[in-house]
Amino acid sequence: MEWKGNLYFKVYSEGLWKTDGTPAGTVLIKEYDFNPEFDPKYLTDMGDYILFSNAYNEDIWRTDGTKDGTVMVKKMFYSASQNNVGHYFFRHGNEAFFPGSNPANNTEMWKTNGTEAGTVQVSEIETDPGFIAFYPKRRVAFKNKIFYLGGKNGLGSQIYILDPATGNTKLLVDLKAKTGGEVYFQTDLIANQKFIFFVGGRAFDRELWYSDGSEAGTFEIKISPSDESTPERLTFYKDKLFFFANGNNTGHEPHVVDVTQLISSAKEENKIEFTHFPNPAQDYLLIESEKEPETAEIYDATGRLEATYIESGNLDIKTIQPGIKILKLKINNQFYFSRFIKL
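Residue numbers (the working numbering): 4 to 346.
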């Protein structure tokens, strides 16, 4: 990694090195004095120092680029096979979060500020001794919280929310209950200003999900009503989410979701109540509202506009393709969203 004008790297069994791009400026910083197996990994820029772990025994180290300034921060509890320090350090402010083992040999979320006293366990999801299958990984910062993939015995893989300010950890939503089975995750978590996105589901039914950070605001986007879409390579660009997925017998193709059209659980002042029926709907979708909608738009699950209606509470949807749809209403110069199924 590059840090303060030098490239820092490891040489197997020879320790930590740095270079300024010249032979004279390529020097050994530190080799382990008591064991030749000094193998730095997960080098992370923490501003005033580089944080890393030793692959040989998974202890936590830091360096300021000098031999004397390369020191152990914390000796972890077990051997490398049990410590499970890994999946990189996730920097959040002046602290870094990482998976690590505790004396009960459970793998939980830890944090460090670069000192031994400040390297502590911050979550306690699993209480079954020795259960390490769902160690914390795939972290993303969202709304001043850290969302990550973890789990516990009986509940399986889930997404948890960690508040760095308090250390409190809670489940986002029970995806096992929502999907009716063990949940498998396909991609990393990614986030913009409004939502986090992830791909998960049962073994042969993994789909795109998004959340505003609340249980009520967590939704599945079903790309293909009949088959597993297995989205991958999620990438943001100009308020849109691009990815590859299998959809409606078209094969593995690029897809896009207009993030601005997605529903949120956030409550709005002066919200106007409305209903629509039937759901599922085949020929017509009827809308009842305190005020007449100025416009109505229907989008498919990827955010593609399919139909626009002007001043109508009775929508003719006969020509719209079947699937999960998003209804967008403009009422009293405010926009409202809901979902329905088109048969």
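Glycine included, each C-beta is placed from N, C-alpha and C at the ideal position.
Bear in mind the structure is a predicted one, so any value in this text is a computation, not a measurement.
- Per DSSP, the continuous alpha helix (DSSP H) segment holding Leu-178 begins and ends at 178-182.
- Using a 10 angstroms sphere on the CB of Arg-142, the tally of other CB atoms reaches 16 or more, which defines it as buried.
- Taking all protein chains in view, the Cβ of Thr-169 is surrounded by fewer than 16 other Cβ atoms within 10 Å, so the residue is classified as exposed.
- In this structure, the alpha-carbon of Trp-212 lies about 13 Å from that of Glu-231.
- For Glu-300, the enclosing beta strand (DSSP E) begins and ends at 298-303.
- Secondary-structure assignment with DSSP links Arg-342 through a beta bridge to Ile-329.
- Between Gln-264 and Ile-329, the C-beta gap is smaller than 8 Å, which places the two residues in contact.
- Here Leu-346 is exposed: its Cβ has fewer than 16 other Cβ atoms, across all protein chains shown, within 10 Å.
- The beta carbon of Tyr-287 sits closer than 7 Å to those of Asn-317, Leu-318, Asp-319 and Ile-320, all from its chain and outside the five residues before and after it, given in chain order.
- Cβ contact annotation for Asp-48 (same chain, cutoff 7 Å, sequence separation greater than five): Met-4 and Trp-6, in chain order.
- The Cβ atoms of Gln-189 and Thr-233 sit closer than 8 Å to each other.
- With respect to Leu-289, Phe-280 sits close: the two C-beta atoms are nearer than 8 Å.
- The shortest C-alpha to C-alpha distance from Gly-306 to any of Lys-179, Gln-161, Asp-51 and Lys-243 is the one to Lys-243.
- Excluding five sequence positions before and after Gln-324, the CB atoms of its chain that fall closer than 8 Å to its own CB belong to Asp-303, Glu-309 and Lys-345, given in chain order.
- For Gln-264, the three-state secondary structure derived from DSSP is helix.
- In this structure, the alpha-carbon of Trp-20 lies about 10 Å from that of Thr-69.
- The continuous stretches of beta strand (DSSP E) do not include Val-125, and DSSP gives it neither H nor E.
- For secondary structure counted as the beta strand (DSSP E) over 3 or more consecutive residues, the segment 179-251 holds these complete runs in sequence order: 199-205, 208-214, 221-224, 235-240 and 243-249.
- Taken atom to atom, the span from the alpha-carbon of Asn-147 to that of Gln-285 is near 43 Å.
- The straight-line gap separating the alpha-carbon atoms of Ile-313 and Ser-160 is approximately 45 Å.
- Secondary-structure assignment with DSSP links Pro-43 through a beta bridge to Asn-57.
- Under the criterion of beta carbons closer than 8 Å, Phe-222 and Leu-192 do not qualify as touching, at roughly 15 Å.
- DSSP lists Lys-155 as the beta-bridge partner residues of Gly-159.
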